[in-house]
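Here the sequence shown stands for residues 9 to 362, where the numbers follow our numbering. Glycine is no exception: its CB is placed at the ideal position from the N, C-alpha and C atoms. Notes for the one structure printed next.
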Amino acid sequence: MWWIGEAALLLGRSNMSSGNFGNNFEKKNAPRWCETDVVMTALEKKHDSAQVKNFPKMFRQLCADLALANHRMYETRVVNRLNDAVIRGYKLLYRGRRSGLESIVRFAVQTFPQTIRKEWRLFWLSNAFFWLPFFAMFVSVWADVAWVQSVIGQDGMSSMEQMYDGDSQSQVLHLRSEFGSNFMMFAHYIQNNVGIDFQLFAGGVLAGLGTIFFLVANGVMIGAAAGYVQYACNPTSFWTFVSGHSSFELLGMCVVGMAGLRMGLGILKPGRLPRARALRESTAKALPLLYGGAVMTALAAVVEGFWSAQDLPHNLKYGVGIFFWVLHAVYFLYAGRSGRSHGDRHQSSEEVLG
């Protein structure tokens with residue numbers, strides 16, 4: 009039975025060869041495996057790492073290594089090491105997909121306010137494009153009301169007078185007759201706010217000029233409306249109505265304007281990147297601002313539809329409005345201070361504008 013001995017000898021040589029190739033395979037890829045292990049440890053401890061965003065690619069390479077090791081029948085030690093790493097990586101990816109609520113909470117309490125602070129120059133620039141025209145039109149009513157009248161037109165003046173010429177009870181009756189219910193008011197305001205947000209963000213494609221135009225236009229229109237009410241109607245009915253939702257709506261509008269300006273900067277100052285790629289990257293950086301601003305304007309519609317039109321004491325409405333403005337200031341200044349800034353891995357507006 010000489011062939012049994014020959015087969016055993018060949019099998020032994022094959023195992024020795026496989027072991028040698030397995031050692032070489034391990035030496036060649038060990039640095040990458042160690043790097044993947046570091047990233048997985050950071051994910052398990054919920055620490056940020058510059059390489060976390062590359063983990064899906066690392067995981068695919070790890071799976072390919074395991075498949076290759078199994079196919080070539082490398083040492084059990086190497087295969088087990090890779091198998092354990094793949095199982096560990098799969099659990100991390102699966103957990104990441106399940107933690108949608110956790111991601112939302114983290115965005116609200118950390119990522120969004122950190123991005124606002126990181127992009128502080130865009131914040132003030134966006135606010136300037138809105139508030140300067142607003143106050144210019146609001147003050148101009150005392151110099152010459154014709155400026156305001158030319159902006160809002162005859163239909164706008166009639167609408168302002170119908171809604172804000174009487175007391176709060178008259179305003180509630182007018183809104184009920186126009187919309188029918190709080191929910192219908194909410195739906196109307198959502199539609200209006202979403203349209204404005206879309207204009208502000210999409211305008212960034214025109215190197216930010218579209219965003220600037222819509223910020224200025226909204227400042228002029230809203231300032232003119234407020235000025236006309238102050239001049240010709242009952243200001244109390246107007247201010248008690250807008251006080252509750254004004255912080256959400258106006259600041260949310262400016263935040264979405266920040267997103268449009270951030271996208272426009274990718275076109276104006278692409279650096280060494282092609283403009284198309286610079287636009288893609290700047291759009292990705294603008295998304296937290298767009299998401300956060302859109303949520304703010306959606307909350308404005310909720311408050312406007314279910315709170316602002318209620319016939320409640322004036323001091324209560326003013327107090328709630330002041331509380332929301334202070335809450336936004338504290339939120340933007342202090343929320344997420346303990347965590348790592350979302351913008352640390354991105355170029356900030358200070359670097360681009362400065």
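- If you check the CB distance, residue 291 and residue 304 do not come in under 7 Å.
- Going by C-alpha positions, residue 267 is about 9 Å away from residue 130.
- In this structure residue 47 is in contact with residue 66, their Cβ atoms being roughly 6 Å apart against a cut-off of 8 Å.
- When C-beta atoms of the region 221–233 are compared with those of the region 136–152, three or more pairs fall below 8 Å, so the two segments count as touching.
- Under the three-state reduction of DSSP output, residue 196 falls in the helix class.
- Assignment of residue 336 by DSSP, reduced to helix, strand and coil, places it in the helix class.
- In the same chain as residue 281, and ignoring 5 residues on each side of it, the C-beta atoms closer than 8 Å to its own belong to 289, in chain order.
- Residue 257 has its alpha-carbon roughly 12 Å from the corresponding atom of residue 300.
- In the same chain as residue 276, and ignoring 5 residues on each side of it, the C-beta atoms closer than 8 Å to its own belong to 215 and 216, in chain order.
- Residue 242: not part of any alpha helix (DSSP H); DSSP gives it neither H nor E.
- The DSSP-derived three-state label of residue 253 is coil.
- As summarised for the region 259–286, there are no continuous beta strand (DSSP E) elements at least 3 residues long confined to that stretch.
- The way I'd put it, the region 219–227 doesn't touch the region 151–165; fewer than three beta-carbon pairs between them come closer than 8 Å.
- Pairing residue 172 with residue 245 gives a Cβ-Cβ distance under 7 Å.
- In the DSSP assignment, residue 148 falls within the unbroken alpha helix (DSSP H) covering 128–151.
- Out of 145, 163, 33 and 100, the CA that lies nearest to the CA of residue 76 is found in 33.
- The alpha-carbon of residue 64 is positioned some 41 Å away from that of residue 333.
- In this chain, the alpha helix (DSSP H) harbouring residue 75 covers 63–79.
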